[in-house]
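Participant: Pasting a structure here, questions to come.
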Amino acid sequence: MLEKLPFTTLSVLDTLAAGGTVRMTELTRTEQVSQPGITQLVSRLERDGLVERRPDPDDGRAVLVHITEAGRGIVRSRREDRMRHLAPLVGQLTGEQRRALAQALPVLARLAELGRGVGGRGVGGRGVGGR
1 MLEKLPFTTL SVLDTLAAGG TVRMTELTRT EQVSQPGITQ LVSRLERDGL
51 VERRPDPDDG RAVLVHITEA GRGIVRSRRE DRMRHLAPLV GQLTGEQRRA
101 LAQALPVLAR LAELGRGVGG RGVGGRGVGG R
C-alpha cells in the first residue's frame, strides 16, 4: 500500500504521527493545501481507516483529525523503508563524513520542526535566519 500513496498523503500522516491530533485548518497550513483539497484528502484517509475526524470539544465549529493505528503502521513502514535504503549508503561514508552527518542531525531536525510550524513561524514565515 505504501508505494501507492501520494506524497501529500504520506506528509499528512507524518504530520499527524509527529504532532498528534490536529485541526483541519492547521493541516491546510502545514501541508500547503487548500481547504477543499485537505478536506478531500482527509475524507479519503478516513475512508481507508488511516485517520479519524472528531469534533473539537473546545470549538464546535472545528474538526480535529487523529491518526489511527493503521495510519501509524504506514508511517512506521515508511520509516523502516527509508532506513533500509539509507543504511547501506551511510555505510559507504568515511568515519569523518558519518560524524559530520551526526553533528548535522539536530539542525536538520530543527528545520523539519520549523517546516511543520513547531516552535517557529512555520512554512512561509521568517523563522529561519531571522530574515
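In full-length UniProt numbering, the protein residues as written are 1 to 131. Beta carbons: idealized from backbone N, C-alpha and C, even for Gly. Here the structure is a predicted model, which means the values were calculated and not measured.
#1: Can you name, in chain order, every residue of its own chain whose Cβ lies under 7 angstroms from the Cβ of residue 8, other than the five neighbours on each side?
#2: Counting only the same chain and skipping the five closest in sequence on each side, list residues whose C-beta sits under 6 angstroms from that of residue 13.
#3: With a threshold of 8 angstroms on Cβ separation, who are the neighbours of residue 17 within its own chain once the five nearest residues in sequence on each side are excluded?
#4: Measuring CB to CB, does residue 22 end up less than 7 angstroms from residue 90?
#5: What did DSSP end up calling residue 64 once you bin it into helix, strand or coil?
#6: Hey, how far is the Cα of residue 87 from the Cα of residue 79?
#7: Kindly give me the distance between the Cβ atoms of residue 172 and residue 63, rounded to whole angstroms, as I take these residues to be in contact under 8 angstroms.
Facilitator: Concretely, from the data shown:
#1: The residue labelled residue 8 in the question sits at position 8 within the sequence shown. Once the five neighbours on either side are set aside, the close Cβ partners of residue 8 are 31, 33 and 41.
#2: Residue mapping note: residue 13 aligns to position 13 of the sequence shown, counting from 1. So the qualifying residues of the chain are 71, 74 and 75.
#3: Position 17 of the sequence shown, counting from 1, holds the residue named residue 17. Excluding its 5 nearest sequence neighbours in each direction, residue 17 has C-beta neighbours in its own chain below 8 angstroms: 67, 71, 72 and 75, listed in chain order.
#4: Looking up residue 22 in the sequence shown gives position 22. Looking up residue 90 in the sequence shown gives position 90. With respect to residue 90, residue 22 sits apart: the two C-beta atoms are not nearer than 7 angstroms.
#5: Position 64 of the sequence shown, counted from the first residue, corresponds to residue 64. Strand, per DSSP.
#6: In the sequence shown, counting from the first residue as 1, residue 87 sits at position 87. In the sequence shown, counting from the first residue as 1, residue 79 sits at position 79. Computed Cα separation, rounded: 12 angstroms.
#7: Coverage of the chain is limited to positions 1 through 131, which leaves residue 172 absent and any answer about it impossible.
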